[in-house]
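First the structure, in the form of structure tokens, and then the observations on it.
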Amino acid sequence: MATEWQETLVEKQVTYTLNLNGQVILIENVPARVDEETGEQFFSPPTGINVRRDKGIFGATYQ
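Numbered per my numbering, the sequence shown spans residues 25 to 87.
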């Protein structure tokens, strides 16, 4: 029995939420691909690195 599976991802600006040492940090307007059916958010590797670097999280050693 075959099940047809199709994800529909759309580009959106979302709020990125981090929990750092018990402190919740919200970063608005972060580009992501969002699954329209589930709401799951996918970030490109450069986006994740830039968010952390720009906010001083995990140091600024990323190039």
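Yeah, the Cβ is synthetic: ideal placement off N, Cα and C, and Gly gets one too.
May I ask you to report which of helix, strand or coil DSSP gives T71? Along the sequence shown, read from residue 1 onward, the residue named residue 71 stands at position 47. Annotated three-state conformation of T71 is helix, per DSSP.
Nearest by alpha-carbon distance to V54: which of F67, V34, T32, L33 is it? Within the sequence shown, numbered from 1, the residue matching residue 54 stands at position 30. Comparing alpha carbon positions, the residue from F67, V34, T32, L33 closest to V54 is F67.
By the three-class DSSP mapping on this structure, what secondary structure does E64 have? Taking the sequence shown and counting its residues from 1, the one referred to as residue 64 is at position 40. Coil at E64, not helix or strand.
Near E52, what residues of its chain come up, given a Cβ to Cβ distance below 6 angstroms and the 5 sequence neighbours on each side ignored? Here the question's residue 52 lines up with position 28 in the sequence shown. Answer for E52: T39, listed in chain order.
Nearest to E35 by CA position, among E64, N45, V75, is which residue? Here residue 35 refers to the residue found at position 11 when the sequence shown is read from its first residue. Checked all of E64, N45, V75; the closest Cα to E35 is E64.
Tell me the rounded alpha-carbon separation between L44 and E31. Translated into positions along the sequence shown, residue 44 becomes position 20. Translated into positions along the sequence shown, residue 31 becomes position 7. If you take the alpha carbons of L44 and E31, they lie about 31 angstroms apart.
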